[in-house]
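Each remark here refers to the structure printed beneath this line.
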Amino acid sequence: MSERKRFHPLAVFIYLFKGLKSWSFAVLLLVFNGELMTLFGLIALSAIVLLSLIQALWKYFSQTYQISSEKIILYRGVFRKRETDIPYERIQTIKQRQWFFFKPFGVIQLLIETAGGESTQAEASMPAVNIEVWEWIEKYRQGDQPESEIHSAGLEMQKESSSADYTVTNSQIVLFALTDLSIMATLIAVIIFISEFIPENWITTTTSMAESLLRAGWLASLSILFVSLVFVMLLSLLRTFIQYYNFQVNRTNQTLTIESGLFERKIQKIPVEKIQGLKIRQQPVRKLLGISTVELLLAGGQEAEGESGIVKKLYILPIISDHQLYETLSELLPEWNFTRPEIKFVSRKKLWYFWKWKLLFIPIAAGLAFLNYWLALAAVAVMFILLLNSWLEEQHQGYQIQTAHRICIQNIEWFSKVQTFVERQKVQSFSEQTTRWLFPKQIGHINLFIKTGDALEVIGLNFIDEIDVQKLKRFYRNKD
Amino acid sequence: MDYPLLPKQMPERIKKVWKKSNLVTTGIFLIIGIGVTAFLNWLDVLEGVWVWSMGIYFAVVLIWSIIAMLLIPYRYQFHRYEITPEDLSFQDGYIFRTITHVPINRIQHIETEQGPFLRKEKLMEIVIHTAASSHHISGLDVEEAVQLRQQIIELVKVAKEDV
Numbered sequence: 012m013s014e015r016k017r018f019h020p021l022a023v024f025i026y027l028f029k030g031l032k033s034w035s036f037a038v039l040l041l042v043f044n045g046e047l048m049t050l051f052g053l054i055a056l057s058a059i060v061l062l063s064l065i066q067a068l069w070k071y072f073s074q075t076y077q078i079s080s081e082k083i084i085l086y087r088g089v090f091r092k093r094e095t096d097i098p099y100e101r102i103q104t105i106k107q108r109q110w111f112f113f114k115p116f117g118v119i120q121l122l123i124e125t126a127g128g129e130s131t132q133a134e135a136s137m138p139a140v141n142i143e144v145w146e147w148i149e150k151y152r153q154g155d156q157p158e159s160e161i162h163s164a165g166l167e168m169q170k171e172s173s174s175a176d177y178t179v180t181n182s183q184i185v186l187f188a189l190t191d192l193s194i195m196a197t198l199i200a201v202i203i204f205i206s207e208f209i210p211e212n213w214i215t216t217t218t219s220m221a222e223s224l225l226r227a228g229w230l231a232s233l234s235i236l237f238v239s240l241v242f243v244m245l246l247s248l249l250r251t252f253i254q255y256y257n258f259q260v261n262r263t264n265q266t267l268t269i270e271s272g273l274f275e276r277k278i279q280k281i282p283v284e285k286i287q288g289l290k291i292r293q294q295p296v297r298k299l300l301g302i303s304t305v306e307l308l309l310a311g312g313q314e315a316e317g318e319s320g321i322v323k324k325l326y327i328l329p330i331i332s333d334h335q336l337y338e339t340l341s342e343l344l345p346e347w348n349f350t351r352p353e354i355k356f357v358s359r360k361k362l363w364y365f366w367k368w369k370l371l372f373i374p375i376a377a378g379l380a381f382l383n384y385w386l387a388l389a390a391v392a393v394m395f396i397l398l399l400n401s402w403l404e405e406q407h408q409g410y411q412i413q414t415a416h417r418i419c420i421q422n423i424e425w426f427s428k429v430q431t432f433v434e435r436q437k438v439q440s441f442s443e444q445t446t447r448w449l450f451p452k453q454i455g456h457i458n459l460f461i462k463t464g465d466a467l468e469v470i471g472l473n474f475i476d477e478i479d480v481q482k483l484k485r486f487y488r489n490k491d
Numbered sequence: 011m012d013y014p015l016l017p018k019q020m021p022e023r024i025k026k027v028w029k030k031s032n033l034v035t036t037g038i039f040l041i042i043g044i045g046v047t048a049f050l051n052w053l054d055v056l057e058g059v060w061v062w063s064m065g066i067y068f069a070v071v072l073i074w075s076i077i078a079m080l081l082i083p084y085r086y087q088f089h090r091y092e093i094t095p096e097d098l099s100f101q102d103g104y105i106f107r108t109i110t111h112v113p114i115n116r117i118q119h120i121e122t123e124q125g126p127f128l129r130k131e132k133l134m135e136i137v138i139h140t141a142a143s144s145h146h147i148s149g150l151d152v153e154e155a156v157q158l159r160q161q162i163i164e165l166v167k168v169a170k171e172d173v
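Taken in sequence, the protein lines are chains B and R.
Residue numbering for the first sequence follows the working numbering, beginning at 12 and increasing consecutively.
Residue numbering for the second sequence follows the working numbering, beginning at 11 and increasing consecutively.
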């Protein structure tokens, strides 16, 4: 498995499809102008197809890869040659994708991520390779591990002696999708819209023909809006369902495998020692239902979703009931010794500090009241939301030093309770802050800096006692 | 209780560099302001709200620059660092105070920088990068900077941990 090879020939079709997709705008333009069936249209279309085909073939023939026992090497380019070397121990995560129509061919897409690089693209992207390639990579990557691992590295790699599993059922995925706050927001928007406008309209109805017709038209457009909103909701529900269909987590030796997807099956392998941290997140709706989500923090690039550029969260447990949570986590990650953290709350009785700047909304609202009554009301509403959020923060902020090298920090992020678990050696730096006026009162803030994706993640505690600052600092600097 | 100060301070010559770069920054902002004013005047719209906004712009630039100048002694006093075999610490700020600790074995690479003002004073800026963040020591003697860089590299060699 150490000779230089091209990708699977199916890669040509993938490149071709991607090329055509980037031209789809021009094709649509042709269709809309009604020029598709004219001579010009046909010439343009065949030129686009030919161009994309040449590009695809060029890409296919100019890229090769090589899997050796120490590293993966990718070669690119004809004139300006590029070579990417990735040693196995530097791999942060390996992602495997397979659309259902590639299954009969045994062909997969492989994305290999390291901690380096600034782009949101994978360091090594193999659009189409035989599934064996992946098995070889896994075998070499785990090469320094016991015989049993290598022995079964053939077809069934997942099922092994020291393994733990967690599967999400279909109804759980539906619950996960339903409790997604973005769906909630749409739902609330729909309800507000209806309750705001319809009754008011009914009260002021007159029996005049013209007006009732007008109202009918209005109601019709309103119901179209309502139906389309419900449609959007159903669509996003369906999307979540397709994305997380048959979600499975599996732990085998030193590797976590996360698997999901209906049409495109996604399998991601994560070496356990590369996990930067873990976040248990619980937003209000899910808190009521007693369910949480758990995210993994990885240093290797998580890809951005679509054009929005929002980095997708990597869930290890997208939905789990609270009483199973810690048990399941400690099965999957026994070395983390998960137990329910006993958080020490650090900022209670300091509400004033959390509120003082937000109270500036009062004079602003008073000023606005002279201009526009509704603007002032909006300012007051925003203030109340901010005050409520920071009150929750004041009540729930806290930490627990769980072992000599692990810490759990609890925060409130927009009404969601977030517990971040992180190993000391994965914290890149620690900062303590205070101000000229807070210091005499022995109050300060702390921040932990962690590498996640391509950016840094800052986890902080605000307005905590100097004693706690010192405790956390001693923990980090290992001076206890 | 006094606010704890880290032991090491930069050479006092850094104050001169700060003053100069302050003046240059103010100068650039003033030139931009003058340019915009001239442009507005050329467009014949320099009246009413534009006069006000340009006035506010110049006032803010000047006040900002004066405050920055006045704060230089404090900035110097509180801009400190410490190097121990296990970690580096950086201290910054008089009103808003920050101390950052970076363990040696989290350091990924070190950069040195030298602008014209720093070069004139024979000083060098050191930037220390971890996998997630970067930290500056804004002026050290060139020999001291090179030596510090070497020292950090030696320490990094000994303590090896991966991301």
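For every residue, glycine included, the Cβ atom is placed at its ideal position computed from N, Cα and C.
Model, not experiment: these values are computed from the prediction.
Starting from the Cα of residue i, find the closest Cα among the options and give me that residue.
i: B/K29; options: B/K70, B/P115, B/K16, B/L122; result: B/K70
i: R/L80; options: R/A142, R/T140, R/D12, R/K26; result: R/K26
i: B/E353; options: B/I184, B/I420, B/I327, B/V185; result: B/I420
i: R/L33; options: R/I76, R/I163, R/V156, R/V55; result: R/I76
i: B/H456; options: B/L467, B/T414, B/E443, B/G464; result: B/E443
i: B/R93; options: B/K106, B/Y99, B/S73, B/R108; result: B/S73
i: B/N401; options: B/N422, B/A389, B/L388; result: It should be noted that the sequence gives Ser, not Asn, for residue 401 of chain B. Of B/N422, B/A389, B/L388, the residue nearest in Cα terms is B/N422.
i: B/F18; options: B/L61, B/T75, B/L27; result: B/T75
i: B/I65; options: B/Q293, B/H334, B/Y26; result: B/Y26
i: B/L121; options: B/E134, B/A415, B/K462; result: B/E134
i: B/A466; options: R/A142, R/A155, R/R159; result: R/A142
i: B/I291; options: B/F24, B/R152, B/R485, B/T339; result: B/T339
Quick one: list the residues of chain R neighbouring residue i, beta-carbon separation under 7 Å, in chain order.
i: B/T445; result: R107
i: B/Y487; result: H111
i: B/I199; result: Correct list: empty, because the minimum Cβ distance to chain R is about 37 Å.
i: B/L467; result: A142, S143
What are the partner residues of residue i, as DSSP defines its beta bridges?
i: R/H139; result: R/H119, R/S144
i: B/D176; result: B/N261
i: B/L309; result: B/I286
i: B/S442; result: B/N458, R/T110
i: B/R276; result: B/Q109
i: B/L121; result: B/Q107, B/M137
i: B/D191; result: According to DSSP, B/D191 bridges with nothing at all.
i: B/R447; result: None; B/R447 has no bridge partner.
i: R/A48; result: According to DSSP, which records beta bridges pairwise, R/A48 is partnered with nothing at all.
i: B/V469; result: B/F460
The beta strand (DSSP E) that contains residue i, what's its start and end?
i: B/M137; result: 135-141
i: B/A415; result: Element bounds for B/A415: n/a, residue is neither H nor E.
i: B/N458; result: 454-463
i: B/R108; result: 102-110
i: R/L98; result: 97-102
i: B/T431; result: 427-434
i: B/P329; result: 325-332
Taking only the alpha-carbon atoms, compute the straight-line gap between residue i and residue j and give it to the nearest angstrom.
i: B/I373; j: B/L379; result: 10 Å
i: R/Q19; j: B/E143; result: 59 Å
i: R/E164; j: B/E306; result: 37 Å
i: B/S483; j: B/F426; result: The amino acid at residue 483 of chain B is misidentified as Ser; the sequence shows Leu. Approximately 25 Å, taken between the alpha carbons.
i: B/Q169; j: B/E81; result: Low per-residue confidence applies at B/Q169: pLDDT is 43, beneath 50, and the placement is therefore not dependable enough to give any value.
i: B/W448; j: R/H139; result: 31 Å
i: B/K361; j: B/E405; result: 7 Å
i: B/I119; j: B/A139; result: 5 Å
i: B/W368; j: B/M394; result: 10 Å
i: R/N115; j: B/G288; result: 18 Å
i: R/I82; j: R/W28; result: 7 Å
i: B/L336; j: B/F441; result: 29 Å
i: B/T263; j: B/L343; result: 9 Å
i: B/I243; j: B/I235; result: Per the sequence shown, residue 243 of chain B should be read as Val rather than Ile. Those two C-alpha atoms are separated by around 12 Å.
i: R/Q101; j: R/I41; result: 34 Å
i: B/Q109; j: R/T110; result: 45 Å
i: B/P282; j: B/F111; result: 26 Å
List, in order along the chain, the chain B residues whose C-beta lies closer than 8 Å to that of residue i?
i: R/E96; result: R488, N489
i: R/Y86; result: Those do not exist, as R/Y86 stays about 17 Å from chain B at its closest Cβ, beyond 8 Å.
Under DSSP, the alpha helix (DSSP H) around residue i begins and ends at which residues?
i: B/D479; result: 477-488
i: B/P374; result: 372-382
Note down, in chain order, every chain B residue with its Cβ under 9 Å from the Cβ of residue i.
i: R/Y104; result: R447
Can you list the residues of chain B that residue i reaches, using a CB-CB cut of under 7 Å?
i: R/R116; result: Q439, S440
i: R/Y13; result: F450
Contacting positions in the segment 46-74 of chain R - beta carbon closer than 7 Å to chain A: Any reference to chain A falls outside this structure, whose protein chains are B and R.
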